[in-house]
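Residue numbers (the working numbering): 264 to 565.
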């Protein structure tokens, strides 16, 4: 559809909707103007006046559509600009709130509590706990705001696991993985998913928790990677709820955010562990969203 071929190419293009040939990108007005010029040149050189006449109405519709395209493009630009301003406002507000919370927490930490009555000490502890909860909620708004803004990329799962686990002081608890040779096509926040799952185990695993382990297996054309622990596990009535927003003993956002991050590239997460034996989170990766290298270890955890 360049105007260089025979007129039947142009006619066929209009039959099928020439606006479908417009490429994305570039300056939209000049793109439409160039396309219009090429269409006119091709039509004027046609050998069949009758064919030109028959297409006249379609030409007029096409050019009207082009004009609407410019209008829509301008509207999209307005929306993008409004969204940019909202994101800037959110960022500034979030920064100010976190600074204020930081000052509040430092002030609370500086108060000597040994000479205080049990009631006052308990009230101060509650104030500090509420402040920490607000801090985590504000930090969640940032994570959720940037979710999906960047393109999905191929990521080494073992490296993501190591980077996430290195952020914790696990003490006596062993954190290990058999995820070598796997690449996952996912949102850049994939590491955050692993971080949340490890954090969940450390928070709720209880006194029996001694290890957190990541590994994988194949299931037909899908890949399933798993993070499990040997802690307290999840009650049966909670299994279908823990991925929902606001469910949980803390802020209730971590697992919800994890499920949202995974869903961007078609992954799903379910909890399949046994209460009293440990939590087990299985992430199913559909065909085409993972790559296996030469170092494949698909054995179940021993």
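Ideal Cβ placement from N, Cα and C applies to all residues, glycine included.
Since the structure is predicted, the reported quantities are computational estimates derived from the model, not experimental observations.
Residues of its chain near residue i, where Cβ-Cβ distance is below 8 angstroms and the 5 sequence neighbours each way are ignored
i: residue 505; result: 497, 511, 518, 534
i: residue 474; result: 436, 437, 438, 439, 492, 493
Given residue i as reference, the closest of the options once Cα atoms are compared
i: residue 365; options: 393, 379, 382, 375; result: 393
i: residue 371; options: 377, 383, 391, 355; result: 391
i: residue 540; options: 521, 552, 471, 524; result: 471
i: residue 450; options: 414, 363, 384, 396; result: 414
i: residue 401; options: 532, 431, 362; result: 362
i: residue 483; options: 398, 547, 396; result: 547
i: residue 405; options: 433, 499, 452, 462; result: 452
i: residue 500; options: 460, 538, 553; result: 538
i: residue 556; options: 545, 422, 444; result: 444
i: residue 248; options: 412, 527, 516; result: The shown model of the chain, from 264 to 565, leaves out residue 248, and the question about it has no answer.
i: residue 434; options: 465, 360, 399, 357; result: 465
i: residue 359; options: 376, 383, 398; result: 398
DSSP state of residue i mapped onto helix, strand, coil
i: residue 462; result: helix
i: residue 419; result: strand
i: residue 516; result: coil
i: residue 548; result: strand
i: residue 472; result: coil
i: residue 555; result: strand
i: residue 359; result: helix
i: residue 413; result: coil
i: residue 496; result: coil
i: residue 481; result: strand
Contact set for residue i: own chain, Cβ-Cβ below 6 angstroms, skip 5 residues either direction
i: residue 424; result: 440, 442, 457, 477
i: residue 502; result: 534
i: residue 417; result: 446, 448
i: residue 354; result: none
i: residue 368; result: 394
Host beta strand (DSSP E) of residue i (start-end)
i: residue 436; result: First-last for residue 436: undefined, no H or E at that position.
i: residue 486; result: 485 to 492
i: residue 542; result: Counting along the chain, residue 542 falls outside any beta strand (DSSP E), and DSSP gives it neither H nor E.
i: residue 447; result: 445 to 449
i: residue 531; result: 531 to 534
7 angstroms Cβ shell around residue i - same chain, five flanking residues per side excluded
i: residue 419; result: 446
i: residue 549; result: 485, 529
i: residue 536; result: 491, 496, 497, 542, 543
i: residue 468; result: 492, 494, 495
Classification of residue i by the beta-carbon crowding that lies within 10 angstroms, buried from 16 upward
i: residue 523; result: buried
i: residue 378; result: exposed
i: residue 385; result: exposed
i: residue 460; result: buried
i: residue 521; result: buried
i: residue 374; result: exposed
i: residue 388; result: exposed
i: residue 351; result: exposed
i: residue 279; result: With a pLDDT of 47 at residue 279, under the threshold of 50, the predicted position of this residue should be treated as unreliable, though the coordinate-derived value follows. It counts as exposed.
i: residue 412; result: exposed
Cβ of residue i within 8 angstroms of any chain C Cβ
i: residue 537; result: No chain C appears in this structure, which consists of one protein chain only.
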